[in-house]
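Notes to accompany the following structure.
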Amino acid sequence: MTSVIISSSDAPEVAPGSTPRIESVVARRALSSRVYLPALSIVAVAVVLIAIGLSSRWGGTSFAASMTNLRVIIVGPVTVGILFLFLVIERLRPAQRRRFFARGYRQDVLYTVLNATLVVPLVVALSLSFAEVVSKSLPWIIVPQYEFLPRWLVIAFVFVAMDACNWSAHLANHKVRMLWRFHELHHSQEDMSVLTVFRTHPLIHVSYLITLIPGIVLIANGSITTTLLVVYAAVVAFEHSNTNLSFGPLNRVFCSPNYHRIHHRVEGRQDVNLGFALTIWDQLSGRAVFPTKETIRIETGLPGRPLTVEQSAPRARHFSVLAAQLLGPFRPLTEPVDVAQDHSELLGGRGLTTTGIGTSDLFDESAFDPGIR
Ligand SMILES: [Zn+2]
Ligand SMILES: [Zn+2]
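Residue numbers (my numbering): 13 to 385.
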């Protein structure tokens with residue numbers, strides 16, 4: 013690259029001393045043509061958080077005990093029983109008829125295993141570190157123990173507040189391109205089932221750490237219980253299940269499978285029905301689209317399949333698809349560019365945005381609206 017710069021004889025417009033800047037711009041563009049650089053920021057946040065957690069010995073909390081707790085919530089006997097029940101319901105009352113071992117189901121089994129093994133320690137590390145950072149830097153947000161506060165009220169408040177935080181993080185996942193890159197994996201499922209709840213990129217959990225704040229605020233009042241988290245996880249799993257069952261008269265309060273399916277639809281806006289458990293946040297923000305009998309049959313997935321999916325090839329190569337999906341957020345936004353040619357345009361004084369993929373375009377978050385994907 014450097015030789016291209018030096019050997020160019022028509023660079024009279026280049027101001028003395030500007031070559032290093034051009035070199036850095038060219039180097040960044042060359043890198044951007046191979047990897048989506050903003051995605052590395054989420055890796056950086058995770059690494060910094062884990063380093064803080066390690067150095068503070070996880071704030072005095074037992075890492076092993078926390079791992080056991082999270083495993084109980086994700087794949088403990090009660091959770092497995094609930095998941096099994098939903099899997100049976102999907103066969104008895106399906107929203108859409110699918111083969112018993114549809115490709116999407118098999119792929120989501122891999123994500124279930126991934127969550128139960130590698131994702132658990134990652135989420136525990138991130139959660140303990142985040143809790144340590146928040147409680148150390150903002151100690152005043154932790155309210156003291158109030159004897160007069162009924163336990164059920166604390167738990168109900170945390171349920172609702174946690175759901176509001178999840179909704180906000182989910183909205184950010186749809187509005188910020190860098191986060192969408194990690195979240196689109198969840199939306200890529202074309203054969204939705206209860207196991208689709210596990211189809212998430214491991215690093216997306218960084219964006220959901222704010223969900224811990226209500227529990228941290230009320231920690232002295234016994235806010236977080238395993239039962240609360242299992243019930244919450246069951247509601248979120250149920251809304252992904254391929255069933256025509258719903259919450260009946262409470263359909264306008266809780267997110268039913270038909271309601272959440274609209275969020276996963278392949279055609280139309282996907283930045284609606286962002287709720288995890290409650291529909292109230294969608295209703296307050298004008299993003300609630302209540303389902304009909306017809307919407308239970310709509311197709312799900314991503315238009316144009318921008319991410320490799322298990323349904324796209326003649327044979328479903330689940331492990332290579334898994335690898336491609338996990339690396340998906342880091343793929344470049346565009347096809348690789350001819351850096352040398354691009355650079356000659358820079359030297360010609362035509363600026364960064366005269367070519368088809370100017371650097372400023374690559375990093376302009378406001379130019380992106382996944383809601384209309
Ligand atoms: Zn979404
Ligand atoms: Zn979903």
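Where is the CB? At the ideal position from N, CA and C, for every residue including glycine.
This structure is a prediction, so every number in the text was calculated from the model and none was measured.
Within 8 angstroms of the C-beta of N185 there is at least one heavy atom belonging to ligand 1. With a threshold of 8 angstroms, the Cβ atom of L134 does not count as near ligand 1, since no heavy atom of the ligand is closer than that. Relative to ligand 2, the beta carbon of E251 is positioned inside 8 angstroms of a heavy atom. In this structure, R299 places its C-beta atom within 9 angstroms of the C-beta atom of D283. Distance check between S332 and each of V146, Y244, V321 places V321 closest, using alpha-carbon atoms only.
The three-state reading of DSSP puts R299 in coil, since its state is none of H, G, I, E or B.
V206 is positioned such that its CB atom lies closer than 9 angstroms to that of N254. Here R273 is not bridged, per DSSP, to any residue.
Under the three-state reduction of DSSP output, F112 falls in the coil class, being neither helix nor strand. Straight-line measurement puts the Cα of A328 at about 7 angstroms from the Cα of R115.
Take V229, set aside five residues on each side of it, and the residues of its chain with a beta-carbon closer than 7 angstroms to its own are I153, I154, V155, in chain order.
Within the stretch 61 to 100, the runs of alpha helix (DSSP H) that reach at least 4 residues and sit entirely inside it are, in chain order, 75 to 87. Around the beta carbon of Y158, fewer than 16 other beta carbons sit within 10 angstroms, so the residue counts as exposed.
The stretch 192 to 203 and the stretch 213 to 226 touch, with no fewer than 3 CB-CB distances between them shorter than 8 angstroms. Taking 9 angstroms as the cut-off, the beta carbon of C177 is found closer than this to the beta carbon of Y220. Short note on H272: C-beta closer than 8 angstroms to some heavy atom of ligand 2. Excluding five sequence positions before and after R118, the CB atoms of its chain that fall closer than 8 angstroms to its own CB belong to E322, A328, H330, given in chain order. The distance from the Cβ of I62 to that of N127 is about 18 angstroms, inconsistent with a contact at the 8 angstroms cut-off. Taking a 10 Å sphere around the C-beta of T239, we find fewer than 16 other C-beta atoms and assign the residue as exposed. Checking the DSSP bridge columns, you'll see L215 has no partner listed. Taking the Cα of R343 as reference, the smallest distance to any Cα among L49, R33, E35 is reached at L49.
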